[in-house]
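In order, the protein sequence lines correspond to chains A and B.
Note that the working numbering has the first sequence beginning at 1, numbered continuously upward.
Note that the working numbering has the second sequence beginning at 1, numbered continuously upward.
Note that CB positions come from ideal geometry on N, CA and C, so glycine has one too.
2 protein chains.
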Amino acid sequence: MSNKIKNILIGKPLANEELKGEKLNVFWGLPVMAGDAISSVAYGVEEILWVLVPAVGSIAYRQTLFVAGAIVVLLLVLVFSYRQTINSYPNGGGSYTVAKENLGELPGLAACASLFVGYVLTVAVSICAGTAALTSAIPELAAFKVPIAVFLLGLMSVGNLRGVRESARIFAIPTYIFIVSMLVLIATGLAKVYIFGYTPAASFEIPQGMGDITLFLLVRAYAAGCAGLTGVEAVSNAVPNFFHPAQKNAKKVLSLLALFVLLIFGGTSFLATIFHAVPNYDVTVLSQISLQVFGNGVMYYILQIATTVILVMAANTSFAGLPTLLSLAAGDGYAPRQFALRGGRLGFSNGILTLSFAAGLLIIVYKAETHDLVPLYAIGVFIAFTLSQLGMLAKWIKSGEKGRLGKALVNGVGSFMTVVTVVIIASSKMLEGAWISLVFIAVLVCFMKMVRRHYDDVARQLKLEAADIAKETEILEVDKHMIVIVESLNKASLKAINYARHLADDKNIVAFNISVDTNGSEKIKAKWEECGIPIPLVVKYSPFREIVEPLAEYIKSEEHESNPGDMITVVMPQFVVGKMWENILHSQTSYMIRRKLLHDRHIAVITVPYVLDE
Amino acid sequence: MSNKIKNILIGKPLANEELKGEKLNVFWGLPVMAGDAISSVAYGVEEILWVLVPAVGSIAYRQTLFVAGAIVVLLLVLVFSYRQTINSYPNGGGSYTVAKENLGELPGLAACASLFVGYVLTVAVSICAGTAALTSAIPELAAFKVPIAVFLLGLMSVGNLRGVRESARIFAIPTYIFIVSMLVLIATGLAKVYIFGYTPAASFEIPQGMGDITLFLLVRAYAAGCAGLTGVEAVSNAVPNFFHPAQKNAKKVLSLLALFVLLIFGGTSFLATIFHAVPNYDVTVLSQISLQVFGNGVMYYILQIATTVILVMAANTSFAGLPTLLSLAAGDGYAPRQFALRGGRLGFSNGILTLSFAAGLLIIVYKAETHDLVPLYAIGVFIAFTLSQLGMLAKWIKSGEKGRLGKALVNGVGSFMTVVTVVIIASSKMLEGAWISLVFIAVLVCFMKMVRRHYDDVARQLKLEAADIAKETEILEVDKHMIVIVESLNKASLKAINYARHLADDKNIVAFNISVDTNGSEKIKAKWEECGIPIPLVVKYSPFREIVEPLAEYIKSEEHESNPGDMITVVMPQFVVGKMWENILHSQTSYMIRRKLLHDRHIAVITVPYVLDE
């Protein structure tokens, strides 16, 4: 039943051999890998205006273009830097890999943790921004922002649990529709003003700014706008997801991405400037512009819906990136092993579910308000960028390769710009929420260290040399002691007793009963006699009504004639009920016994099921 | 460590033999059993005013006394009725027992479910009202109503987990302080007005009522005020908790309870009338009265604090009643068995925790607003009262006892009044929330029926006759087949293999490995050869990366040469880690295997622990 639902939602399981078929070419790869960066225009420009417009009023618009220009320059620098990364790391060179290999363990983990935060926030911010695009067009839905966002997140999760290629299919068309619609918007907007002489008027009252344009203000606007610059990372991390020649295809996707962002981010910033868009919680900047350009007609709604869809899809960049990152970290022993296992549809299901859960939490806590989530956002991504750039720089410095100077220069510029950006973001957004991300990154790094230490420890203890085999076998050359737990004398306990007698000699078996009232003790002893069961029954009265402790004491006591080092086997009957809920009707004694006794290395536990008919 | 915390919070475990010591005499029994009814004046009068004052304005005060009088009459009828119940049911005759014995199973379950709802709401309402008494006196705390209420609930739970008598000690003094303070308040208030000629003035503006006093309005006020009439039930249910002579002591407590309620409820209603208290969400009616009577001095704060404490203690009535009720139901097989077990301190811990959880949920959902919770409240209690009265009536009708006519008359009057009250409450409170309680009661009745059916079913299947023993033994007279699960070849799996070899002959053992990639298969085969382990290794490749299914298939397949009906034993190594959190770092394969395989009645599972050092 639950399997059927799973099959309908997620699709039939795919075999390992079908993995190759799930790879991407440039056409399908662009929307999956670059959707985030392209769609970020929808809120990137808006975040710049949020800083400038309330501060200085209408003179803000002159400055917006400069800030947007600086961000585009940063993007181009990143694109060039990451082309080098793709060249050097054909198996996927995310910040994590690059920083770990060239800078060491701790920077690697810091990059991993930062990316984790970045990816989660990409999902949360994109979905909230997508919801805002929808509620801008249909204000009646504004009260349902949170449920809408959570629903969209659920849709994304299911899509990604279905698998990589199918998700590309679902997501490519809307991405291309958005790109075309945006280009049409920019062209129409420019034509309307410069050819047909339309005079734009602000849709909302422009606040009376109190201050002047200062460098500090521009820097803060820059930091805010940087929120849009994720996604580059995902391409270089996901090189193995591309068809052969994977590196070349990845670089093509990266270049196309740069081109589209340049056009759309630049164009939208320019339109926001001439159409005097005013940022607010109810109507997005993009909605204000397109309403003026297209009027309240079909094209406006197409663009709003395409924006919603592309933003939701943008979250997909993280759904491709984070699970891959976690599987890399798990492979290195820094994350629980479960993240390295592919699910039924060959995606890393545990990573996908972790991402959905974390993003869902953020959406609910921040009530789906994009603008409130943004301060947490960029810091993680840019720490990862910085570590990646520094890692590449270190690589060129150490290497003896030809032409390394030029390459070092590219990554050197990248390092410089990203370091500066991190400092700017940290200083201007710290109190608004960046500290939350920083604390979380630090905690995550510690956790990853602990996980690795634990795995190393286990591996050391389990390692088996041929020489060990004889020694390990020795321990068990002793008597077989069996203790059968008997709660009451019924068919289930009789089955357990018979099972024990089948494995060991009667003389080594005892039945063990714990009674919590003295009446009960007498009753079971009498019934035992009556039934004539040929093994001895030990009845312990437990005045404190505990079950496990008297058993543990009995095993340790001299009364039980085992020698130290003997292997003792505890046999437990367990009811197996037909329906899940029926389990709450039976005390979970066998679970508690197992949990406690297994901590003793000389006790093994046998569970003998008694399956109840329904 | 967690045991230490538990011991500090709850106290050291008590042995069965100490149970007798936990009984109550009249002095300690009154506060434990009757705290609810006595304290209910704090909100009972207020609920009457909530109906009348907004509807008809200042003329409401004239009517309040009549309504309060009707409720006091109802209380007296109930007290007389319940004295008969205590006489007839020395082992505790709650509505559940009385209805079940005299009316049948379904009415019994309905009574049980109604009481459950009533008890939970008693806790929620009392604690919220106690919090309101506190925030009325200290308005700065008003913003923290919910956390305060939840904290108080936690305190109650801990107190009750410590045990019956200790809770009586903690709770008795404040109850008596409250009783004395209230009597002082009433006496002072009356003296102030009638002897010293003080002219009361309303503390809040009295609303301009729009309507007239109608019978319907009075009836609604009556329904609202009935919220205070729980607690009687608890005394008759808890007869066995009293010292010998238990019935006599219980009846004394019941009579004292009636006396105090008569004085305090009547007195407070009268004071509310002459001091023109106006119900609102910020300041309680009782606070308004005592502020006028005592002024903003020490006595005012003593009374407010005593009110808070008594109301919180009042919840204790339910903490004594509900767990006992659940243990009765569990004893009859209508509730999970765990409710019938006494905890470390001899209280029914599971019942106490269930009650705390349910009440906590209500407090949080209803934001600790007493007035919003009240509509859910009285319906459950009065359905239980009605069923109990009808049960007693049926008992007298059926019995041949002398003097049964008089007794039938008492319970007949009780039945009539409670039936009428249920109808009034249901009709006037249905849409405000009574339907929630009714739906929940219906669901609970169905659940209890299902639980009983399940237990009956299990008992039937497990029942062991001496004749069965030979037959049951037969099944296992077959070969010992063992399958050892080997994830990789390490010390843990070697230990499991040795354990299996120790129990069975080598020829009946196979090691079983599931690999999710073809590389892995080759590696483990090679290492197996190298180590020279003398039992065969079966490696299955699982293209869909599942673990349990290939194993289940293998067991069913012909490949495994067992005969149908053979008992097959699956041996699993299991890592035992030192710290709880480390469990998430290991796949829970053994848990999943156990869960799936144990549904087959011919498979037993052996867990061989491998304890990792820390």
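Rounded to the nearest angstrom, the Cβ distance from A/Met-567 to A/Val-608 is 18 angstroms, too far for a contact under 8 angstroms. Beta-bridge partners assigned by DSSP to B/Pro-573: B/Val-608.
Against chain B, the CB of A/Ser-515 has no partner CB under 8 angstroms away; the residue lies outside that interface.
In chain order, Gly-130, Ala-133 and Leu-134 place their CB closer than 6 angstroms to the CB of B/Thr-308, counting only its own chain and leaving out the 5 sequence neighbours on each side. Taking one beta carbon from each stretch, the stretch 384–399 of chain B and the stretch 415–429 of chain B have 3 or more pairs nearer than 8 angstroms; the two touch. DSSP, reduced to helix, strand and coil, places A/Ile-584 within a helical segment of the structure shown.
Within chain B, Pro-336 have C-beta atoms less than 7 angstroms from the C-beta of A/Ile-584, given in sequence order.
With contacts defined by Cβ atoms closer than 8 angstroms, A/Val-445 and B/Phe-575 do not form a contacting pair.
Using a Cβ distance threshold of 8 angstroms, B/Ala-221 and B/Val-51 count as a contacting pair. By the criterion of at least three beta-carbon pairs nearer than 8 angstroms, the stretch 523–540 of chain B is in contact with the stretch 497–510 of chain B.
Of the candidates A/Tyr-43, A/Lys-12, A/Gly-29 and A/Asp-613, the residue whose Cα lies closest to the Cα of A/Leu-311 is A/Tyr-43. A/Gly-321 and A/Tyr-119 do touch by the CB rule: their CB atoms are close to 6 angstroms apart, below 8 angstroms. In the three-state reduction of the DSSP assignment, A/His-599 falls in the coil class. Between the stretch 359–376 of chain B and the stretch 108–115 of chain B, the count of C-beta pairs closer than 8 angstroms stays below three; the two stretches do not touch. In the three-state scheme derived from DSSP, where H, G and I count as helix and E and B as strand, B/Leu-256 is classed as helix. Residue-level contact by beta carbon holds for B/Gln-461 and chain A, with a gap shorter than 8 angstroms.
A/Leu-431 and A/Val-374 have their C-alpha atoms spaced approximately 12 angstroms apart. Fewer than three Cβ pairs drawn from the stretch 134–148 of chain A and the stretch 393–413 of chain A lie within less than 8 angstroms of each other, which leaves the two stretches out of contact. Taking 8 angstroms as the CB threshold, B/Tyr-499 lines the interface with chain A.
Taking the C-beta atoms as reference points, A/Leu-286 is found no nearer than 8 angstroms to A/Tyr-300. Taken atom to atom, the span from the alpha-carbon of B/Leu-597 to that of A/Lys-395 is near 52 angstroms. When the Cα atoms are used, B/Tyr-61 and B/Thr-199 turn out to be separated by approximately 16 angstroms. Below 8 angstroms, enough C-beta pairs join the stretch 272–282 of chain B and the stretch 58–74 of chain B to call them touching: three or more.
The beta carbons of A/Ile-509 and A/Lys-540 sit no closer together than 8 angstroms.
A/Met-567 has a beta carbon lying within less than 8 angstroms of a beta carbon in chain B. Separation of A/Leu-103 and A/Leu-390 (C-alpha to C-alpha, rounded to the nearest whole angstrom) is 8 angstroms. Counting along the chain, the unbroken beta strand (DSSP E) around B/Asn-513 starts and ends at 509–515. The three-state secondary structure of B/His-481, taken from DSSP, is strand. DSSP places A/Tyr-198 in the coil class of the three-state scheme, outside both helix and strand. Chain A places no beta carbon closer than 8 angstroms to that of B/Asn-87, leaving this residue out of the contacts. With fewer than 16 neighbouring CB atoms inside 10 Å of its own CB, B/Gly-197 falls in the exposed class. By the beta-carbon neighbour count (other beta carbons within 10 angstroms, threshold 16), A/Glu-522 is exposed. When only Cα atoms are considered, B/Asn-316 and B/Ala-113 end up about 19 angstroms apart.
For a cut-off of 8 angstroms, the C-beta gap from B/Leu-115 to B/Gly-94 is around 7 angstroms, short enough to register as a contact.
Pairing A/Leu-183 with B/Arg-594, the inter-Cα distance amounts to about 59 angstroms. Contact between A/Val-278 and A/Phe-178 fails: their C-beta atoms lie close to 23 angstroms from each other, not under 8 angstroms.
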